Amino acid sequence: MMMNPTEYSLGRNPLSDVLHRIPGVVKNEQGLGRHILSGAPHRRPGVVQNEQGFSHRGRVRVKKLVQGKIRIATWNIGTITGKLRELVDTMSRRRINIACLQETKWVGEKAREIERTGFKMWYTGKTRNRNGVAIFVDGNLKDEVVEIKRKSDRIILVKLMIDEETFNIISAYAPQIGLEESTKKAFWEDLEEIVQEVPLGEKLFIGADLNGHVGSTNEGFERVHGGYGYGVKNEGGESILDFAIAYDLILANTFYPASVLVSQHKLMVVDVGVKWRKQKYRSNKCIKTRWWNLNGGKMALFKDKMLQGDPWRVEGEPNMIWDEMASRIRNTAREVLGESRGRGPPTKETWWWNEEVQQAIKAKKECYKRLHKCRNEDNYKCFRQARKDAKKAVKEARGKACEGLYQKLETKDGEKDIYRIAKQREKTN
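Residue 677 is where the sequence shown starts when you use our numbering, and the numbers rise one by one after that.
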């Protein structure tokens, strides 16, 4: 993860070494920075180190504050389809406020509220099953978002105003090794352009999968590389380091020692000290009487209870008569029909979820943890079998749920549900 604070606190992924930007600025005898890919003079000469020792104007860095913290994460999720519940559970369990996601593989430039969780997602994507990036924000901060910039299907920026501080969060996904140089050049130029639009007085964080290795040593890059990288630096890693120097950023995951992460696409988090008055998210629950159950036997029971005693008193003030009658109707309806809990129907992503699926997913996670601690053939076979069982359980649960839904739609009540769903979608859009 790339960031510009001096106080760092975060887990790291040595293989991805996120936080890289334009291959950036090259030091030459004249002190003029040039972009490696385009060869054009760099538009930020202030970050160039020259032989005359002129000081350069660095970006304001986040200072550690005791008033509170924000946890920012970055994660190449592979695809977000069918993983919303897992993603929300992970963010809640790890107490993540903002998450930068890569390879979401969703098409469109939209925002989406995750029902009854408080989370909101902004995403961008152009080609189905390819690329796509997104930024998740929790219920405490989503109302602080003031601007969204979607540069391409590989870059998105979310700007938040938290009390008196401005935070710019960028999620980026660089082209893989083997793609055309023109594609890589376009990505870095887009990233450079969106970064240059961020004022120096504002905080900047980049959570990205930039497909480069910065290596285990930091010789010549001590300001941006903490010395806790992994492996051998490659061409992409050199571009990352140059880019970090050019924009006065640090590779935060290289500033703390950690065990080697052999596999890629791990969740990485950073805690940032910040002044803000945290407001706990509260869902708006609306408890309702189940009037839709007023049919069949319950209708007859409701009628009998309403006719008991003398409900039709016609003496007295009209308002008083109406209040008594309305109160009697409501109380009888609550007694006969019951009340909802105000939670609403399950979300589209989880309405088919059941105990069998939950146990299969849990078993897969346990096998994965064992494989992560000890990579041997037995653990690998166990994980493969657990993953296969989990996929099978999900497929069967979805199939049974859909079969029941199709049968219900053929009934009279099912027809009502169709109109209700259509009305809800029209209202949402």
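Virtual Cβ for every residue (Gly too), placed ideally from N, Cα, C. Since the structure is predicted, the reported quantities are computational estimates derived from the model, not experimental observations.
Residues that DSSP places opposite residue i in a beta bridge
i	result
valine 813	Ile774, Lys796
lysine 1088	Answer is none; lysine 1088 lacks a bridge partner.
glutamate 841	Ile838
valine 900	Beta-bridge pairing links valine 900 to no other residue.
threonine 965	Glu1015
glutamate 823	Lys835
tryptophan 751	Leu777
tyrosine 849	Asp885
isoleucine 926	Met679
arginine 788	Met797
aspartate 918	The partner list for aspartate 918 (beta bridge, DSSP) is empty, contrary to what the question assumes.
glycine 949	Lys745
methionine 944	Thr750
lysine 879	Phe843
serine 828	Ile831
Rounded Cβ spacing between residue i and residue j (contact assumed at less than 8 Å)
i	j	result
methionine 797	arginine 806	Not confirmed; about 19 Å, so no contact.
leucine 1013	arginine 966	4 Å
lysine 879	threonine 842	7 Å
leucine 886	isoleucine 846	Between isoleucine 846 and leucine 886 the Cβ distance is about 11 Å, and since that is not below 8 Å, they are no contact.
glycine 891	glycine 913	6 Å
Through-space distance from residue j to residue i, alpha-carbon basis
i	j	result
serine 1016	aspartate 866	50 Å
isoleucine 1037	alanine 848	29 Å
phenylalanine 795	threonine 755	18 Å
threonine 766	arginine 747	13 Å
lysine 1040	arginine 1046	10 Å
valine 666	asparagine 1052	Because residue 666 is not part of the residues shown, which for the chain are 677 to 1105, the question remains open.
glutamate 857	phenylalanine 863	10 Å
glutamine 872	tyrosine 923	9 Å
serine 828	tryptophan 751	18 Å
lysine 860	proline 851	6 Å
lysine 1092	lysine 1099	11 Å
glutamate 1102	tyrosine 1095	10 Å
arginine 771	methionine 982	51 Å
glycine 903	threonine 793	39 Å
alanine 920	phenylalanine 881	12 Å
methionine 679	isoleucine 926	6 Å
glycine 949	lysine 745	4 Å
isoleucine 811	aspartate 947	17 Å
cysteine 1058	lysine 1049	13 Å
valine 783	asparagine 971	43 Å
asparagine 650	cysteine 1043	Look at the range of the chain in this structure, 677 to 1105, and you will see that residue 650 is not part of it.
alanine 928	valine 1070	37 Å
leucine 836	glutamate 1031	39 Å
lysine 1068	isoleucine 774	32 Å
glycine 896	glycine 801	37 Å
isoleucine 997	glutamate 1011	21 Å
tyrosine 799	glycine 808	7 Å
glycine 877	asparagine 844	11 Å
alanine 884	methionine 677	6 Å
Counted within 10 angstroms of its Cβ, other Cβ atoms place residue i as buried (16 or more) or exposed
i	result
alanine 1002	exposed
threonine 1087	exposed
aspartate 839	exposed
valine 908	exposed
glycine 905	buried
cysteine 1078	exposed
isoleucine 1097	exposed
threonine 930	buried
leucine 1081	exposed
tryptophan 968	exposed
lysine 625	Any property of residue 625 remains undetermined from this structure, which presents the chain solely from 677 to 1105.
threonine 893	exposed
aspartate 814	buried
isoleucine 790	buried
isoleucine 831	buried
valine 822	exposed
threonine 757	exposed
threonine 780	buried
cysteine 776	buried
glutamine 1109	Because the chain here runs from 677 to 1105, residue 1109 falls outside it and cannot be looked at.
glutamate 705	Its pLDDT being 33, under 50, glutamate 705 is placed unreliably in this model, and the value from its coordinates should be taken loosely. The residue is exposed, with fewer than 16 neighbouring Cβ atoms inside 10 Å.
methionine 975	exposed
aspartate 819	exposed
Residue i: CB within 6 Å of a non-hydrogen atom of the ligand PLP
i	result
leucine 876	No copy of the ligand PLP appears in this structure; indeed no ligand is present at all.
Length-filtered (4 minimum) alpha helix (DSSP H) runs lying within the region 994-1075:
994-1013, 1031-1049
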